[in-house]
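Residues in the sequence shown are numbered from 339 upward in steps of one, following the numbering used here. Virtual Cβ for every residue (Gly too), placed ideally from N, Cα, C.
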Amino acid sequence: MEQNVHQAQMLQKLILAMSSSTSAALAMVITIATVIYGGLHLILHLTQDAREPPPVPALVPFIEPMVDLSRKKSRYYTELCNTANDILNTNVNGDEGFWGYSVTHYKAIHPPLFPGPGLDAMNRVMARKITSSLESIQSSEVIRLFDFIKREITLATTDSVYGDQNPFRDPTIVEAFWEFQEGVMGLLMGFPQSFVRESFKAREFMTKRFVKYFNDGGHEKGSALIKARYEHSIEHKIPLEDIARFETAGAIAILTNTSPACFWLVYHLYSSPGALEDCRKELGQILSATSHEKREGAFDKTITLDLTQVKTSCPILLSSLQEVLRLHSVGISTRLVMEDHVLDGKYLLKKGGTVMIPAPVQHQDAAIWGENVHSFDHRRFLPNEKRSNPVAFRGFGGGTTLCPGRHFASTEIFAFAALLILRFDMQPSGGTWKELTTNKASLWEVTPRPDEDVLVNLVSRPGFDATLKWEILVTDSDKMMPLSAEDVDALRQPN
Numbered sequence: 339m340e341q342n343v344h345q346a347q348m349l350q351k352l353i354l355a356m357s358s359s360t361s362a363a364l365a366m367v368i369t370i371a372t373v374i375y376g377g378l379h380l381i382l383h384l385t386q387d388a389r390e391p392p393p394v395p396a397l398v399p400f401i402e403p404m405v406d407l408s409r410k411k412s413r414y415y416t417e418l419c420n421t422a423n424d425i426l427n428t429n430v431n432g433d434e435g436f437w438g439y440s441v442t443h444y445k446a447i448h449p450p451l452f453p454g455p456g457l458d459a460m461n462r463v464m465a466r467k468i469t470s471s472l473e474s475i476q477s478s479e480v481i482r483l484f485d486f487i488k489r490e491i492t493l494a495t496t497d498s499v500y501g502d503q504n505p506f507r508d509p510t511i512v513e514a515f516w517e518f519q520e521g522v523m524g525l526l527m528g529f530p531q532s533f534v535r536e537s538f539k540a541r542e543f544m545t546k547r548f549v550k551y552f553n554d555g556g557h558e559k560g561s562a563l564i565k566a567r568y569e570h571s572i573e574h575k576i577p578l579e580d581i582a583r584f585e586t587a588g589a590i591a592i593l594t595n596t597s598p599a600c601f602w603l604v605y606h607l608y609s610s611p612g613a614l615e616d617c618r619k620e621l622g623q624i625l626s627a628t629s630h631e632k633r634e635g636a637f638d639k640t641i642t643l644d645l646t647q648v649k650t651s652c653p654i655l656l657s658s659l660q661e662v663l664r665l666h667s668v669g670i671s672t673r674l675v676m677e678d679h680v681l682d683g684k685y686l687l688k689k690g691g692t693v694m695i696p697a698p699v700q701h702q703d704a705a706i707w708g709e710n711v712h713s714f715d716h717r718r719f720l721p722n723e724k725r726s727n728p729v730a731f732r733g734f735g736g737g738t739t740l741c742p743g744r745h746f747a748s749t750e751i752f753a754f755a756a757l758l759i760l761r762f763d764m765q766p767s768g769g770t771w772k773e774l775t776t777n778k779a780s781l782w783e784v785t786p787r788p789d790e791d792v793l794v795n796l797v798s799r800p801g802f803d804a805t806l807k808w809e810i811l812v813t814d815s816d817k818m819m820p821l822s823a824e825d826v827d828a829l830r831q832p833n
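Pasting the structure below:
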């Protein structure tokens, strides 16, 4: 009995000791959390001018916004984002100033991407590739729509940029590129290689292939664009291996957003019968046909589509693309504050600060676009429709961050979509078009891809079967399309 009492007393003391230890540990955790919480708020308070725009609302400053950003990705910017990025204004030699490789790079690549001979040459290569690819489709075929578009756009784009020695003709390079871009955010943020191992390996593999491409003189037979990028790097004394590494990033610029934008245009046109019919009718008016003497194994007729006419005479197709970018673009325009400025009489924008303008904030504002702001309206951007302020549309960015490749990308999308909707009917294998989400897209994707692919049935349209030969013509033109507010302003200027 006494032994049992003694054991009970010992157990009671042990519990009390454990309770005391747990309480002390808990108190320590609470103390540390309180110090961190208070310290972060104090830092925010001491560094925030009362006249500046209010900081992002957060229970735990600095940490909570980072967590939200990683979780919500581009959707986070629709709530509010304002951050400094002064490092972009510091050159590698330590000098301060808005100059250097990255700034002059934009100016170097602008001429070959602007309407004119260089862009026309790229468009011709791209058009031949797309025409050939669609010719290979049987009269009836089941495809995964996004994968199909991504594959064809990737090959057409890279052939037009890199020329006959295009590294992307090797399927292993294509696979490596998409593996690399999956983890590019981790590489940009400096994660350890163990966290982004596959993306790192893919980038190194691509770098070696681009070194070979440049060593073999592949760029000399490529487009004016790749020549300009290479020569600009040489002028800045960039080593060859670094030029090759830059090109892996250059590939991101030419590939990652065109495929999703083309997919969303095709998706919205085929899932909106009225839009599809309007675009087909518009395109049909600029087609030309040439009949041939009928003989075995030959085409009965050649149908020619002039891409230059598509760009200048198909406002509904152009409006449809702009509407797609309004609905799906999540890019962020940035502006450097040149002088202290009080915005709207309320908020101080300090000189040297960076203002970030997320596209979804403007593109989803009902006060700008009307009550149907979340619906696809293929006629919204037509010249004779009620127009909103052109600056409200930022599908291609704007100002110094206006996409230099917008004319090439748009022409490629028009070529692919035009040939597809003219030649084929399409229905989802499930019978109805599903509403697609983009929650899994990476933060840096300006035009997010769909979370899941769509299985569709492609069938040749009556009267547009295999007896017809299709050609895409690109006549010389230096006329730009009104893709952005800046383009609209330029077109209004006297020659």
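Rounded distance between the beta-carbons of residue j and residue i, thought under 8 Å
| i | j | result |
| --- | --- | --- |
| residue 834 | residue 484 | This structure gives no information on residue 834, because the portion of the chain shown stretches from 339 to 833. |
| residue 664 | residue 731 | 6 Å |
| residue 684 | residue 675 | Actually they do not touch by this definition, with Cβ atoms about 15 Å apart. |
| residue 653 | residue 720 | 6 Å |
| residue 563 | residue 460 | 7 Å |
| residue 396 | residue 402 | 4 Å |
| residue 645 | residue 749 | 6 Å |
| residue 617 | residue 607 | 6 Å |
| residue 613 | residue 701 | Actually they do not touch by this definition, with Cβ atoms about 19 Å apart. |
| residue 903 | residue 648 | Lying before the first or after the last residue shown, residue 903 is absent from the chain, which here runs from 339 to 833. |
| residue 537 | residue 521 | 3 Å |
With 16 other Cβ atoms within 10 Å as the buried cut-off, status of residue i
| i | result |
| --- | --- |
| residue 724 | exposed |
| residue 582 | buried |
| residue 535 | exposed |
| residue 744 | buried |
| residue 790 | exposed |
| residue 417 | Annotation note: pLDDT 48 at residue 417 (below 50); position unreliable, coordinate value reported separately. Result: exposed. |
| residue 830 | exposed |
| residue 424 | Its pLDDT being 46, under 50, residue 424 is placed unreliably in this model, and the value from its coordinates should be taken loosely. Counting Cβ neighbours within 10 Å, residue 424 comes out exposed, since fewer than 16 surround it. |
| residue 526 | exposed |
| residue 707 | buried |
| residue 467 | buried |
| residue 381 | exposed |
| residue 421 | Unreliable positioning characterises residue 421 in this predicted model, as indicated by a pLDDT of 42, which lies under 50. The coordinate reading is nonetheless provided below. By the neighbour-count rule (16 or more Cβ atoms within 10 Å), residue 421 is not buried but exposed. |
| residue 604 | buried |
| residue 366 | exposed |
| residue 349 | Per-residue confidence for residue 349 stands at a pLDDT of 48, beneath the threshold of 50, marking its modelled position as unreliable; the derived number appears in the next sentence. Exposed, because fewer than 16 other Cβ atoms sit within 10 Å of the Cβ of residue 349. |
| residue 556 | buried |
| residue 519 | buried |
Host beta strand (DSSP E) of residue i (start-end)
| i | result |
| --- | --- |
| residue 762 | 762-766 |
| residue 626 | 626-629 |
| residue 642 | 639-644 |
First through last residue of the alpha helix (DSSP H) which encompasses residue i
| i | result |
| --- | --- |
| residue 509 | 509-520 |
| residue 865 | The chain is shown only over 339 to 833; residue 865 falls outside these bounds and no answer can be derived. |
| residue 499 | 483-500 |
| residue 545 | 535-553 |
| residue 390 | Here residue 390 belongs to no alpha helix (DSSP H), and DSSP marks it neither H nor E. |
| residue 399 | Segment: none, residue 399 is in no alpha helix (DSSP H) and carries neither H nor E. |
| residue 470 | 455-473 |
The ligand NAP heavy atom lying under 7 Å from the CB of residue i
| i | result |
| --- | --- |
| residue 567 | This structure lacks the ligand NAP; in fact it carries no ligand of any kind. |
Below-8 Å beta-carbon distance, residue i vs any chain D residue
| i | result |
| --- | --- |
| residue 683 | Here there is only one protein chain, and chain D is not present. |
Can you give, in chain order, each stretch of the alpha helix (DSSP H) that sits fully within the region 717-754 and has at least 4 residues?
none
Using 8 Å as the Cβ pair cut-off and three pairs as the minimum, do the region 755-763 and the region 469-476 touch?
yes
Which runs of the beta strand (DSSP E) at least 3 residues long sit entirely within the region 652-717? Give them in chain order.
670-674, 679-681, 685-687 and 692-696
Does the structure place the region 804-812 close enough to the region 447-456 that three or more beta carbon pairs sit under 8 Å?
no
Please give the ranges of any beta strand (DSSP E) in the region 756-830, keeping only runs that are unbroken, at least 3 residues long and fully inside the region.
762-766, 793-798 and 806-811
Using 8 Å as the threshold, is the region 592-611 in touch with the region 485-493, meaning 3 or more CB pairs across them?
yes
Under 8 Å: do the region 498-506 and the region 556-571 share three or more Cβ pairs, one atom per stretch?
yes
With contact counted as at least three CB pairs below 8 Å, one residue from each stretch, are the region 563-572 and the region 440-448 in contact?
yes
Start-end ranges of the beta strand (DSSP E) lying completely within the region 558-636, minimum 3 residues:
626-629
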